[in-house]
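One structure is given below, encoded as structure tokens.
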Ligand SMILES: Cc1ncc(COP(=O)(O)O)c(C=O)c1O
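Numbering (the numbering used here), first residue to last: 16 to 461.
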């Protein structure tokens with residue numbers, strides 16, 4: 016991916032980012048003009064960056080893996096109707112975790128047989144909906160969910176294809192604990208060591224309404240540790256080989272989930288997608304050869320690494336506070352209501368001033384959100400040139416796990432989301448209005 020020249024930390028910005036007449040531009044759109052039209056806070060997605068990432072994943076898997084493969088975008092990173100349509104056009108399936116995400120996919124006209132439903136606590140009603148809508152796969156997380164599904168499908172004419180989510184007891188411990196999901200003690204998945212996974216295979220094979228296709232294990236997000244990934248996949252294959260020996264069941268699909276890391280800060284670099292795909296493919300191919308298993312369909316579920324870098328968030332400066340001998344706060348008109356990651360995971364970001372992207376930074380400041388929480392600080396330390404109220408601050412790498420985790424805290428409406436794609440501006444989500452906020456409220460009956 017070619018980084019725009021002269022832009023500090025260009026590898027963090029969408030691939031189409033340039034500086035036009037001294038102002039940041041994305042896909043040729045001057046961000047100050049976008050702000051004049053759509054206001055702030057404002058989120059923009061660069062279509063070209065999404066397309067590049069999708070093409071890189073597709074090519075990397077095809078080049079590295081001798082068996083069939085497919086990519087299911089992890090919707091939890093960010094989902095709406097327009098984005099679902101774009102991803103479907105790019106040949107990607109979806110991984111969803113609720114009836115809500117499923118309905119967005121349906122509304123977008125996605126082929127639901129390319130949608131996989133996940134979730135450790137999915138209500139039976141939503142499982143029922145997924146069955147009725149014909150989702151391609153249900154990834155079963157625990158024995159109670161399996162029992163519920165067996166009951167819901169006992170009279171089905173055609174069995175529902177499922178995968179079992181395994182907890183392979185492997186984690187990339189470099190990631191924040193909140194995004195580590197592979198340990199046996201984590202809330203997700205069927206451990207192998209205590210026999211739960213084997214019991215699930217036994218029950219699933221007996222169930223007339225279910226068709227056990229394969230195994231799944233997502234060990235966490237912001238993954239950079241190839242050894243953890245290799246170990247998790249190897250444990251799935253070893254378990255599959257045992258189940259074939261014991262029950263005559265042959266795995267036909269295997270999913271290591273998603274999780275590839277991205278760079279958020281100037282000093283960071285994103286792990287290479289080709290190395291990720293080759294590591295996965297080699298581990299599966301060698302593992303299956305050793306175990307005498309046929310090559311399963313390899314299903315990956317990238318979320319963050321597909322969308323994060325395509326996103327930029329734009330805020331207006333609303334005020335400042337310089338503490339003598341202490342920090343300088345630059346207050347902006349957004350924060351944890353649209354980007355919870357700094358408050359929730361102590362996640363780091365960087366920023367630029369939209370009309371001075373190349374200006375020499377003067378001092379380190381904190382970008383503090385407008386929400387009534389001391390923890391609502393988007394950036395604890397970034398060197399910026401001096402700014403006045405009304406200036407526009409741009410944060411890169413905000414395409415994932417920001418708007419999808421947004422809220423109306425403090426009664427603040429959520430920002431709009433634009434897709435800049437091929438010289439066209441698509442409004443994927445309009446700005447939320449106060450009427451939207453009031454829509455669910457019912458006055459006390461006097
Ligand atoms: C089952 C599963 N698959 C895929 C993902 C996507 O992870 P990432 O966005 O890090 O690629 C997640 C994220 O939590 C997940 O839980």
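Note that beta-carbon positions come from the ideal geometry of N, C-alpha and C, so glycine has one too.
Beta-carbon proximity check, residue i vs residue j, cutoff 8 Å
i, j, result
"residue 454", "residue 431", "no"
"residue 197", "residue 276", "no"
"residue 292", "residue 285", "no"
"residue 365", "residue 411", "yes"
"residue 345", "residue 382", "yes"
"residue 228", "residue 152", "yes"
"residue 13", "residue 190", "Nothing can be reported for residue 13, as the shown portion of the chain is limited to 16 through 461."
"residue 280", "residue 363", "yes"
"residue 72", "residue 321", "yes"
"residue 161", "residue 218", "yes"
"residue 253", "residue 354", "no"
"residue 409", "residue 369", "yes"
"residue 110", "residue 283", "no"
"residue 215", "residue 179", "yes"
"residue 205", "residue 157", "yes"
Residue environment, residue i, which counts as buried when at least 16 other CB atoms sit within 10 Å
i, result
"residue 439", "exposed"
"residue 122", "exposed"
"residue 28", "buried"
"residue 387", "exposed"
"residue 301", "exposed"
"residue 16", "With a pLDDT of only 42 at residue 16, under 50, the local geometry of the prediction cannot be trusted, and no value is derived from it."
"residue 51", "exposed"
"residue 305", "exposed"
"residue 177", "buried"
"residue 422", "exposed"
"residue 394", "buried"
"residue 192", "exposed"
"residue 238", "buried"
"residue 116", "buried"
"residue 126", "exposed"
"residue 459", "exposed"
"residue 64", "buried"
"residue 74", "exposed"
"residue 120", "buried"
"residue 184", "buried"
"residue 91", "buried"
"residue 389", "exposed"
"residue 268", "buried"
In DSSP terms, what residue i is bridged to
i, result
"residue 291", "None, per the DSSP bridge assignment."
"residue 35", "38"
"residue 382", "345 and 394"
"residue 268", "229 and 312"
"residue 452", "Partner(s): none; residue 452 has no beta bridge."
"residue 58", "328 and 432"
"residue 45", "40"
"residue 368", "408"
Can you check the stretch 70-156 for any beta strand (DSSP E) of at least 3 residues that lies completely inside it and give the ranges in chain order? If one requires a minimum length of 3 residues, the beta strand (DSSP E) runs lying completely within the stretch 70-156 are 84-89, 108-111, 130-132 and 152-155, in chain order.
Taking only runs of the beta strand (DSSP E) that begin and end inside the stretch 152-197, which ones reach a length of at least 3 residues, in chain order? 152-155 and 175-182
Suppose only complete runs of 3+ residues qualify. What are the beta strand (DSSP E) ranges in the stretch 387-448, listed by chain order? 392-399, 407-411, 432-436 and 439-444
Can you give, in chain order, each stretch of the alpha helix (DSSP H) that sits fully within the stretch 299-345 and has at least 4 residues? 319-322
Beta strand (DSSP E) runs wholly inside the stretch 190-262, at least 3 long, in chain order: 225-231
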